[in-house]
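Chemist:
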Amino acid sequence: MDIQLFDRRSVGQSLPDWDSSNAFNNHSACDSFGESECSGIILLLPEIALNVLGTIWTYTNCIQCDNEHFTSTVVEIGVLFNWVMLGGLVFVLAMVLDPVGSLKLQEGANGSVDTDMVLHRKVTRIWVRRFRWFFCWLIRDEHSHEAFSQAAGLMSSMFRNTDIVPSDFIAGFVLLRVKQKRESREQRRLALLAEQRYNCTSIVNECFTGKPNWMCLKKARHYLQLSVAIYGWPFLIYRYCITGLFKMMPKFFCCACFRTKPTVVKEDNCCLCNFAAIRYMSKLHSKDILFASFVNHIFELPFFVTVDHETSSIVIAIRGSLSMRDIFTDLTAIVEKLDAQGVPSDSYAHKGMLCSAKYIKKELDDYNVIEKAYTNFPEYNLIITGHSLGAGTAVLLAFYMRPLYPNLKVYAFATPAGLLSREAARIAEEFTLSIGVGDDMVMHMTIDNVEDLRTNMVQVLQSCRLPKYRVFLNGFGYALFGVPSRDLESTWRHRTTSEMRNSPLLSTHSPVLSMITQNDGFPTDTISNHHLVPTTSSYPNEQPISISSTYNELAARRYSKIRLYTPGHILHITKKKKSKEQKKADKKSGTNSNEYNYEMRWATPEDFKELRVMPRMLLDHLPENVLKTLDNVLEEQRTEIGFDLAQLIHAQIPLYIILMFNMNCNNYCNIYNYDYHTPTEWRYNSEQEITAAEEQRELAQRLTLEADRLFGQAKDSVIKNKLDIDYQSKVKVKDIEYKCKEIEKQKGDLDEEICLLLGYQVRIENANKLLVGDALDVIAECLRLRNCRQSMDLVFDDVEKELLRERELIFGINDQLEELQDKVMLQIRKLRTFVYNLTVDLRRKKNALKIEEQNENLNEDNVEISILNNRNIFKPATISTTEWDQFTLDIISAANKVLVDGRPIRAFFDKCLNKMFEDLVSQSAAVDLAFKLRVEEYLEVIEKLNEQRVETVKNVEEVQETIEKIKKAIDAREAYLALAHSRLLNRTRREGVELCRDELELRLYDEVVQLERDVKSLQNMMAESVECRRRLKQSTARIDVQLQVKQNSLRIDNELCTEQRKRINYRAF
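Residues in the sequence shown are numbered from 1 upward in steps of one, following the UniProt record's numbering.
(1) Would you call residue 980 buried or exposed, if buried means 16 or more other Cβ atoms sit within 10 Å of its Cβ?
(2) Counting only the same chain and skipping the five closest in sequence on each side, list residues whose C-beta sits under 7 Å from that of residue 562.
(3) For residue 1116, which residues from the same chain have a beta carbon less than 8 Å from its beta carbon, with the 5 sequence-adjacent residues on both sides left out?
(4) For residue 1065, which option in 437, 920, 997 and 805 has the closest C-alpha, if you only look at C-alpha atoms?
(5) Could you tell me if residue 386 is buried or exposed, where buried requires 16 or more neighbouring beta carbons within 10 angstroms of its beta carbon?
(6) Look up residue 601 in the DSSP assignment and give the residues it is bridged to.
(7) Taking residue 451 as the reference, give the member of 180, 633 and 156 with the closest Cα.
(8) Near residue 8, what residues of its chain come up, given a Cβ to Cβ distance below 6 Å and the 5 sequence neighbours on each side ignored?
(9) Hey, is the stretch 464-482 in contact with the stretch 165-172, meaning 3+ C-beta pairs nearer than 8 Å?
(10) Measuring straight from C-alpha to C-alpha, what distance separates residue 215 and residue 206?
(11) Do you know whose CA, among 838, 762, 471 and 878, lies nearest residue 824's CA?
(12) Is residue 323 a contact residue of the ligand FAD, with contact defined as CB to any heavy atom under 7 Å?
(13) Nearest CA to the CA of residue 264: which residue from 800, 345, 166 and 368?
(14) Helix, strand or coil for residue 1065? Go by DSSP, reduced to three states.
(15) Tell me where the beta strand (DSSP E) around residue 291 begins and ends.
(16) At 4 residues or longer, what runs of the alpha helix (DSSP H) sit wholly inside the UniProt domain "Fungal lipase-type" (315-446)?
(17) Secondary structure at residue 836, three-state DSSP: helix, strand or coil?
(18) Is it buried or exposed, residue 80, if we count other Cβ atoms within 10 angstroms and call 16 or more buried?
(19) Going by the beta-carbon positions, is the gap between residue 248 and residue 229 smaller than 8 Å?
(20) Counting Cβ pairs, one atom from each stretch, are 3 or more of them under 8 Å apart for the stretch 435-454 and the stretch 610-621?
(21) With a 10 Å radius around its C-beta and 16 neighbouring C-beta atoms as the bar for buried, classify residue 153 as buried or exposed.
(22) Three-state secondary structure (DSSP) at residue 181?
(23) Looking at the unbroken beta strand (DSSP E) that takes in residue 308, where does it start and where does it end?
(24) In whole angstroms, what is the alpha-carbon distance linking residue 119 and residue 351?
(25) Check the DSSP bridge columns for residue 313 and list the partner residues they point to.
(26) How would you label residue 246, buried or exposed, when you count the other beta carbons within 10 angstroms and need 16 or more for buried?
(27) Measuring alpha carbon to alpha carbon, tell me which of 480, 220 and 1044 ends up nearest residue 391.
(28) Taking the straight line between their C-alpha atoms, what separation do you get for residue 813 and residue 916?
(29) Check whether the Cβ atoms of residue 284 and residue 306 sit closer than 8 Å, and answer yes or no.
(30) Flag this pair as touching only if the stretch 970-987 and the stretch 999-1018 have three or more C-beta atom pairs under 8 Å; answer yes or no.
(31) What is the rounded straight-line gap between the Cα of residue 739 and the Cα of residue 380?
(32) May I ask you to report which of helix, strand or coil DSSP gives residue 464?
(33) In the DSSP assignment, find the beta strand (DSSP E) that holds residue 993 and state where it starts and stops.
(34) Is the distance from the Cβ of residue 786 to the Cβ of residue 928 below 8 Å?
(35) Just grab the DSSP bridge partners of residue 201 for me.
(36) Write down every uninterrupted run of the alpha helix (DSSP H) in the stretch 932-967 whose length is 4 residues or greater and which is fully enclosed by it, in chain order.
Right, here's the structure in full:
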């Protein structure tokens, strides 16, 4: 096999030339290389044996030794470390081992056969098998096979026929960093980077000039906080390793599995830790969070829906990548047609994120979340936000929700570059604001960019003059101290053909090296102008030459024919870099010469067509760093304005100068607001105020005298009436409180009964779903599989009858369940009718109680009392006290009657469900028994057929031996016949009288006749034996066919159908 177990290219010496002058050809070299790998694998066996022996010796009492604590602890740690190293070695071996070497040799041996597609399929299957082994816990996901296949196809397309080992990636990234550093230096010399900075600004208002009002950096920061909150408790513990748990504890909802929750929360733990983390990080109240789903499978992302009163919006926040399931969602990067309304027919999107968006749309529709939110808050806006994977999913979800909510907006942070086709990305600008920070690699990571990075890595590995260990040491130094200027030139050199064949970083028989050196030089790229491989040489003393067809094939090989782009208006924020002179000046003065540390610009999707290796390419993608950057940018704006005004006032500058300065600051702060009037207006206003005050004073005096007279006349009668009314009011309040308690008690009983009936409804729905969704599918699959039986085995047997009987039973039970569900719904409607009536009556009584209590608390000193001029309002009520009492009593009595009548119905439901369960279990047992008996019959028949075949084969061998004996007998008789013929022929040569018919001649004639008769008899017998052998072989072939048929039927019944039957679980009843 054409693989490398250990990276022998890391040594500083070059390997010998690989050409026709070698003693061995490619085939023998690969064989010897495979033998060395096999020997390396065999060397693992003694290592494993020694580890097992060391474990037994250290952790068991099989071997007694002096117990010295320190030595024992060191030995135990050493054994554990050895096991960890061995496990890592096995993992690397499984991931690096290349089982397709034989296919490569076949391709080399027969050049007329194009095996690239076959090789691609085989490598894809290998990667799928690796994923299933090392991520076995993901196999249970519904879409795991599809995700594994897509990711495996991507890996095959990226690294097929490259012969690159993991250490090559590390060396390649180090060299790419050096190469890109040198290119940046050249661009600075040509003033190319300065041209880009002309479009950058550090002032937020200047950057957002001409943009819609909803595009606001402050709002974006607010929604980013919600996007970060959905990461849940793992992110909170990561941010606050020590205090994170204590921050969540006040938000815990202990024993949530057994308590009623105000919010629909899916797939959280018993204490709702993720929900608590969301509440802490978002500062939201639990009642404002309408829905939260923490389901995390492949193509299924966690999200939550909340009402944000601060921005008057309903927000859907979607989580980014946090688990291996999310990684496989990212790796499912094949393009999928975007079938949303309002987009062109040729629009495509990232398949993994598109499936995630459809899943979230389905969850929102199933739980009717958005409609319920708009019922309570119809004037609010709809906002979708997310970070990383969540940002891409948010944009695609918006395409599906825009037909119903045309004013929705999307705030996406660190949006993946490979998301939408160009036209769809342009449409997304109407409603999407994408914000990226610094050198975020995800905003540059498309399949095309990664393929270009792979091609560049091959280029720099071939062009490097240093051995691999030197590259590793230099890379460690670069990480600590940066890339020195001398390494920008000394790392590369012009290489001849022989030098390139002896590359210290690529193996001698590497297919990549053979691609590059076919034309005796380093290739240039003529494929497209956006590739990282330069069209002219970037290294000293190199001349442009034509690229070989094989290398062109590697560079032009694309996993996808459609390029995807970043959607929406893209705001790119970067840290402002200082020149060396500024750094020296700041160091001397101890101040910051820059007013702003960040600058921003509006980018286009085409600006992210290159994936560069940068120090902060991963850190700038993390959500806490994006949040910190936005905080710093907003803080710089506030600090700069506040500093300028404070210094002006402190310096005692005249007021009009400060006002002029304030107007020049784009009205950030309004200090004073003057509105001047004339002296005449001032005097007129003063006279009017004095006149109005005198009129009010005179009116108050008249009202005081009138009130004193009326008070003296009615004082006694008012006191008497007030005492009587107060007593009647207290009696009325007690009556209303008593009736409210009775109504609440009856309403509580009805609610409890409704909850019980809803439980039965859920049981019926689950049972119906089980029968229709699982059991019927299993039965149909079993019938389909049994139709695959062959020949005479395709018989309508007892198993078929029992399966059909079970299907008919399920149909009947399904009808009964629908009838039961209708009865449950009818009873629930009746109960809810009375609950509604009781609720209305309770609300009216509480309102009356509130009014009576308010009247009881009123007295003549309250300022709220007033006299109404319209006395028609005081008409007496037409309902008597008796009718009032009877109305509540009738409602309670009717509700109690329905409640009592409904309890036997629950007992009937239990009885029906138990009977259905018993019938299903009984029939399932009958089906399983029929399968068992049928399998036993198959086994018995197969055993008999095997015995018959053995006997038949034995008979064939016996007949064959008989034929051999007959052949020998015929040969012997023919020899004697030839002897007799020869003697008779010799006797015909006698002369004269000697030519007579004597006794000897007669005897010879008789012998010839006898021998011919014997030969003929033996030949007839041999023909019969041959015919018998032929028939026996035919019988053996028929037995083999019958065995295959029986074994196929046995496999269907004993394996496939039995495996399908395991899916049936009637415990839902």
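Idealized CB from N, CA, C, for every residue including glycine. Keep in mind it's a predicted model, so treat the numbers as computed, not measured.
Modeler: Taking the geometry as given:
(1) Residue numbering aside, residue 980 sits at position 980 when the sequence shown is read from its first letter. With 16 or more Cβ atoms within 10 Å of its Cβ, residue 980 is classed as buried.
(2) Numbered from its first residue, the sequence shown carries residue 562 at position 562. Non-local beta-carbon contacts of residue 562 in its own chain, meaning distances under 7 Å to residues more than five positions away in sequence, involve 335, 348 and 421 in chain order.
(3) Examination of residue 1116 is not possible in this model, given that the chain is present from 1 through 1069 alone.
(4) As a position in the sequence shown, residue 1065 is number 1065, starting the count at 1. For residue 1065, the closest C-alpha among the options 437, 920, 997 and 805 is that of 920.
(5) Taking the sequence shown and counting its residues from 1, the one referred to as residue 386 is at position 386. Counting the other CB atoms within 10 Å of its CB gives residue 386 a total of 16 or more, which places it among the buried residues.
(6) As a working mapping, residue 601 is identified with position 601 in the sequence shown. The partner list for residue 601 (beta bridge, DSSP) reads 572.
(7) If you number the sequence shown from 1, residue 451 lands on position 451. Of 180, 633 and 156, the residue nearest in Cα terms is 156.
(8) Counting from one through the sequence shown, the residue named residue 8 turns up at place 8. The pLDDT assigned to residue 8 is 34, lower than 50, so where the model puts this residue is not dependable; a value taken from the coordinates is nonetheless given after this. Cβ neighbours of residue 8 beyond the five flanking positions: none.
(9) Contact holds: three or more Cβ-Cβ distances are below 8 Å.
(10) Taking the sequence shown and counting its residues from 1, the one referred to as residue 215 is at position 215. Taking the sequence shown and counting its residues from 1, the one referred to as residue 206 is at position 206. Each residue's Cα considered, the two are about 13 Å apart.
(11) Walking along the sequence shown from the start, residue 824 turns up at place 824. Closest in C-alpha terms to residue 824, from the list 838, 762, 471 and 878, comes 762.
(12) This structure does not include the ligand FAD; it has no bound ligands of any sort.
(13) Indexing the sequence shown from 1 puts residue 264 at position 264. That would be 368, whose Cα lies nearest to the Cα of residue 264.
(14) Taking the first residue of the sequence shown as position 1, residue 1065 is located at position 1065. The answer is coil: DSSP assigns residue 1065 none of H, G, I, E or B.
(15) Translated into positions along the sequence shown, residue 291 becomes position 291. The continuous beta strand (DSSP E) containing residue 291 extends over residues 289-293.
(16) With a minimum length of 4 residues, the continuous alpha helix (DSSP H) runs that stay inside the UniProt domain "Fungal lipase-type" (315-446) are 324-331, 351-367, 369-376, 389-401 and 422-427.
(17) Position 836 of the sequence shown, counted from the start, is the residue given in the question as residue 836. When DSSP states are grouped into helix, strand and coil, residue 836 belongs to the helix group.
(18) Looking up residue 80 in the sequence shown gives position 80. Burial call: exposed.
(19) Taking the sequence shown and counting its residues from 1, one reaches residue 248 at position 248. Taking the sequence shown and counting its residues from 1, one reaches residue 229 at position 229. Not closer than 8 Å, so no.
(20) Three or more Cβ pairs drawn from the stretch 435-454 and the stretch 610-621 lie within less than 8 Å of each other, which places the two stretches in contact.
(21) Position 153 of the sequence shown holds residue 153. It counts as buried.
(22) Translated into the one-based positions of the sequence shown, residue 181 becomes position 181. It is helical.
(23) Translated into the one-based positions of the sequence shown, residue 308 becomes position 308. Start and end: 303-308.
(24) Against the sequence shown, residue 119 aligns to sequence position 119. Against the sequence shown, residue 351 aligns to sequence position 351. CA-CA distance, residue 119 to residue 351, rounds to 25 Å.
(25) Locating residue 313 in the sequence shown gives position 313, where the first residue counts as 1. Bridge partners of residue 313: 308 and 381.
(26) Within the sequence shown, numbered from 1, the residue matching residue 246 stands at position 246. With a threshold of 16 other beta carbon atoms within 10 Å, residue 246 falls short and is exposed.
(27) Within the sequence shown, numbered from 1, the residue matching residue 391 stands at position 391. Nearest neighbour of residue 391 by Cα position, chosen from 480, 220 and 1044, turns out to be 220.
(28) In the sequence shown, residue 813 corresponds to position 813, counting from 1. In the sequence shown, residue 916 corresponds to position 916, counting from 1. Rounded to whole angstroms, residue 813 and residue 916 show a C-alpha spacing of 7 Å.
(29) The residue labelled residue 284 in the question sits at position 284 within the sequence shown. The residue labelled residue 306 in the question sits at position 306 within the sequence shown. Cβ distance < 8 Å, so residue 284 and residue 306 count as in contact.
(30) With the cut-off at 8 Å, the stretch 970-987 and the stretch 999-1018 touch.
(31) As a first step, residue 739 must be located in the sequence shown, where it is residue number 739. As a first step, residue 380 must be located in the sequence shown, where it is residue number 380. In a straight line, the C-alpha of residue 739 is about 40 Å away from that of residue 380.
(32) One-based indexing of the sequence shown puts residue 464 at position 464. It is a strand residue.
(33) For this step, residue 993 is matched to residue 993 along the sequence shown. Here residue 993 belongs to no beta strand (DSSP E), and DSSP marks it neither H nor E.
(34) Within the sequence shown, residue 786 is the residue found at index 786, counting from 1. Within the sequence shown, residue 928 is the residue found at index 928, counting from 1. With contacts defined as CB atoms closer than 8 Å, residue 786 and residue 928 fail to qualify as a contacting pair.
(35) In the sequence shown, counting from the first residue as 1, residue 201 sits at position 201. DSSP, once it has assigned bridges, lists 600 as partnering residue 201.
(36) You should have found no qualifying run.
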